[in-house]
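*Asks:* Numbered continuously in the numbering used here, the sequence shown closes out at residue 598.
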Amino acid sequence: MCKLKDNGDDLRRYQGLYKAALAGDWETAERTFKSDPDAKTAIISVGPETALLLAISMGRTQFIKKLVQLLSPEDLEMEDSNGQTALHFAAMYGSLDAVKTLIDRHRTLTQIINAEGFTALHTAAIFNSKAVMWYLTLKTTDDPPGRPFTGPKAGSLIQGLVWSGSYVIPEEVELDQTPPRLFSNDVEDPLVNTRISPTSTTYWTRAFGAIKCIQDEKYKHKCTQRLVEITCQVIANGMTPREILQFFASQYILRSAAEPGIVEIISICLQYFPYLIWVKSTFATALQSAVTLRREKVLSLMLEKNAITKALSNTKDGFGQEILQFAAKLSPYPELSSVSCPALQMQRELQWFKAVEKFVHPQVRVHADKYGQTAGELFTREHQELIRDAEKWMKDTSSSCMVVSTLIATVVFAAAFTVPGGDVDGKGIPIFLNERVFMLFAVSDALALFSSTTSILMFLSILTARYAEEDFLRDLPQRLILGFTSLFLAVATMMVAFGATLYMVLNERFHWILFPIIALTAIPVALFAKSQLPLLIFMVQSTHGARIFHHQKIWQSD
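(1) Are the stretch 291–302 and the stretch 331–340 touching, with three or more C-beta to C-beta distances below 8 Å?
(2) What does a CB cutoff of less than 7 Å around residue 406 pick up in its chain, not counting 5 residues either side in sequence?
(3) When DSSP labels each residue in this structure, what does residue 296 get in the three-state scheme?
(4) Can the beta-carbon of residue 71 be found closer than 8 Å to that of residue 108?
(5) On a Cα-Cα basis, can you pick out the residue from 65, 497, 84 that is closest to residue 53?
(6) Taking its Cβ as the centre, do 16 or more other Cβ atoms sit within 10 Å of residue 585, making it buried, or is it exposed?
(7) Between 534, 118, 285, 525, which has its C-alpha nearest residue 448's C-alpha?
(8) For residue 222, count neighbouring C-beta atoms within 10 Å of its own C-beta (all shown protein chains included) and say buried if the count is 16 or more, exposed if not.
(9) Which residues in the same chain as residue 546 place their Cβ atom closer than 6 Å to its Cβ, once the five residues preceding and following it in sequence are excluded?
(10) In whole angstroms, what is the alpha-carbon distance linking residue 175 and residue 165?
(11) Could you give the DSSP three-state label for residue 371: helix, strand or coil?
(12) Is there contact between the stretch 480–499 and the stretch 435–443, where contact requires at least three CB pairs shorter than 8 Å?
(13) Using the DSSP secondary-structure output, state which residues sit across from residue 85 in a beta bridge.
(14) Using only the alpha-carbon positions, how far apart do residue 520 and residue 124 sit?
(15) Span of the alpha helix (DSSP H) holding residue 182?
(16) Given a threshold of 16 other Cβ atoms within 10 Å of its Cβ, counted over all protein chains shown, does residue 172 qualify as buried or as exposed?
(17) With a 10 Å radius around its C-beta and 16 neighbouring C-beta atoms as the bar for buried, classify residue 59 as buried or exposed.
(18) Near residue 69, which residues of its chain fall below 8 Å by C-beta distance, leaving aside the five closest residues on each side in sequence?
(19) From residue 574 to residue 337, what distance separates their C-alpha atoms?
(20) To which residues of the same chain is residue 197 closer than 8 Å at the C-beta, ignoring the five residues directly before and after it?
(21) Going residue by residue through the stretch 419–505, where are the continuous alpha helix (DSSP H) segments of at least 4 residues, counting only ones entirely within it?
(22) How about residue 27 and residue 134: are their beta carbons less than 8 Å apart?
(23) Would you mind reading off the limits of the alpha helix (DSSP H) that contains residue 514?
(24) Leaving aside the five residues before and after residue 237 along the sequence, list all residues of the same chain whose C-beta is less than 6 Å from its C-beta, in chain order.
(25) When DSSP labels each residue in this structure, what does residue 114 get in the three-state scheme?
(26) Give the DSSP-derived three-state secondary structure of residue 389 in the structure shown.
(27) Helix, strand or coil: how does DSSP classify residue 225 here?
(28) To the nearest angstrom, how far is the alpha carbon of residue 63 from that of residue 151?
(29) Please classify residue 156: does DSSP put it in a helix, a strand, or coil?
(30) Going by other Cβ atoms of all chains shown within 10 Å of its Cβ, with 16 needed for buried, is residue 120 buried or exposed?
(31) Can you grab the Cα-Cα spacing for the pair residue 455 / residue 530, in whole Å?
(32) With a threshold of 6 Å on Cβ separation, who are the neighbours of residue 297 within its own chain once the five nearest residues in sequence on each side are excluded?
(33) Output the boundary residues of the alpha helix (DSSP H) element that contains residue 402.
(34) Which residues in the same chain have their Cβ closer than 7 Å to the Cβ of residue 372, if we skip the five residues on either side of it in sequence?
(35) Cutting at 7 Å between CB atoms, please list the residues of its own chain near residue 122, excluding the five before and the five after it.
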């Protein structure tokens, strides 16, 4: 198969053709081709790119159609240094018109692989070219050399389809037929079963049907599950257990599903092949990914099986210690930043470490690694900076809130002795004592004073706390929750007391004043709630909510 040759001396010679391909100017390009037939396949840019590749990258559909008619099938098979043909580039750029034009001209372009062993269908999946994937799935067969549906890259294709967000809607598969292989048909491999051979017609095209771009997330999950079910059915009926283990080990399917937290794929795989949990090389990597990336649902699903908890509690093979070491490390930034503040990040890290620690043997918890440190010591070392950030955030937040609480306490305390309207003849009896609104003022003022005082005490206790590692688990968050709650109540009741005061003083003259007072009083309360209530709710859920791991049910009841 011919390779594109980069001749730097020709670039200046083909400047006119380069500009014509960029602009889609066919008339100029056609004149060049008539005067110089070699220009049709010549390198005309530093890319290096031919006129065809340049037109594909610019989306010049009419230019592409006319140029392809002038090229021979051998010209269309020309590859760059990475083994990429024009069809690979069209799939990469997502140009469906270019893909159709190329395939109509040369049908077997779909089977050509690049240097990495990928067909154009693989390339479309990698670059998320959904419409191109749909078309190539219908046009690509399982013939060599590509064999995209049964060759060594079949697992990569499945992962690419699922990760791209475009899902194949599978038709019903007749499992009594001989299914295709899903990994390399290496004659030197003793695991090769010669009775299982792919058909020349694309069995997987029948199984998969067409690729559709689906917007609804729930429908996406259903399609993903159905795709994986079809895949597992084909594997289960076409491979021996040893071949299945080799397939899962080589394609890293479980790990690929664990990293983004796709529980459905792991669940279905374990339903069809429950013995995968005993294979450390296959399952341990997925478990490690779930622990390292903090995939709660995935780890909960895995821990449902007694085999996993038994392996974690085993003190001999070091597997439990290895998993606990992963749990002790600081979360990757994307997972850590999903929690709003350093204090709650530290709390989440502690919760995760404690949750994993429960499943390992007590001896594993105190066992030192090759560097002489236990998992707990590793956790402390990894989280030193986060603890400092959490302490600073707690103190800064408490100091700011304490100022507000003190101001509220000062105001409402003074209001209790200077009642609205004054008193009767200096006897200390409030003028509005018999008004119902006065009782609202008195109760609100008292609640504001009690709440603000409580808030001051809570924030003061946070400022004087020792900030030990364990304190971030429950003690400090509970104090902050109580401080925020009492501060919010103090703000709300203070505004109610202020509104009641205005109403008592102005109602005699302005009867319409009630509704404006209510509206104006609600504004600061609403602003405070909008800015602080989400954090308060999250803290309550994180501190007093359900535990991290909820066991998922693997085996569905009939």
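Ideal Cβ positions, reconstructed from N, Cα and C, are used throughout, including at glycine.
*Replies:* Let me lay it out:
(1) Verdict: yes, contact present.
(2) Result list for residue 406: 414, in chain order.
(3) It is helical.
(4) The Cβ atoms of residue 71 and residue 108 do not sit closer than 8 Å to each other.
(5) Considering only alpha carbons, the answer is 84.
(6) Residue burial is scored here from C-beta neighbours: residue 585 has fewer than 16 other C-beta atoms within 10 angstroms and is therefore classed as exposed.
(7) For residue 448, the nearest C-alpha among the options comes from 534.
(8) For residue 222, the predicted model reports a pLDDT of 34, less than 50, meaning its position is unreliable; a value from the coordinates is still stated below. Residue 222 comes out buried.
(9) Once the five neighbours on either side are set aside, the close Cβ partners of residue 546 are 553.
(10) Rounded to the nearest angstrom, the two C-alpha atoms are 12 Å apart.
(11) Note: residue 371 maps to coil in three-state DSSP.
(12) They touch, by the three-pair rule.
(13) Under the DSSP definition of a beta bridge, residue 85 partners with 89.
(14) One C-alpha to the other measures close to 59 Å.
(15) Residue 182 -> no alpha helix (DSSP H), and no H or E assigned at all.
(16) Buried.
(17) Around the C-beta of residue 59, fewer than 16 other C-beta atoms lie within 10 Å, and the residue is accordingly described as exposed.
(18) Contacts found: 57, 60, 61, 91, 103, 107.
(19) Cα to Cα, the separation comes out at about 24 Å.
(20) Closer than 8 Å at Cβ, skipping near neighbours: 161, 162, 165, 188, 189.
(21) The qualifying runs are 424–457, 476–503.
(22) Because the chain spans 41 through 598 in this model, residue 27 falls outside it and cannot be assessed.
(23) Per DSSP, residue 514 belongs to no alpha helix (DSSP H) and is neither H nor E.
(24) Confidence is the limiting factor: at residue 237 the pLDDT is only 35, short of 50, which leaves the residue's position unreliable, though a coordinate-based value still follows. Listed in chain order, the non-local C-beta contacts of residue 237 below 6 Å within the same chain number zero, local neighbours out to five positions each way being set aside.
(25) Under the three-state reduction of DSSP output, residue 114 falls in the helix class.
(26) Three-state DSSP puts residue 389 in a helix.
(27) At residue 225 the pLDDT is 34, less than 50, meaning the model places this residue with poor confidence; the figure from the coordinates comes in the next sentence. Coil, per DSSP.
(28) Roughly 31 Å separates the two Cα atoms.
(29) Secondary structure at residue 156: coil, using DSSP grouped into helix, strand and coil.
(30) So residue 120 counts as buried.
(31) Distance between the alpha carbons of residue 455 and residue 530: 14 Å.
(32) Closer than 6 Å at the Cβ level, and outside the excluded window around residue 297, lie 305, 306.
(33) First-last of the alpha helix (DSSP H) with residue 402: 402–406.
(34) Shown here for residue 372: same chain residues with a beta carbon closer than 7 Å to its own, the five before and five after excluded, namely 333 in chain order.
(35) Non-local C-beta neighbours of residue 122 in its own chain, meaning closer than 7 Å and more than five positions away in sequence, comprise 154, 155, ordered along the chain.
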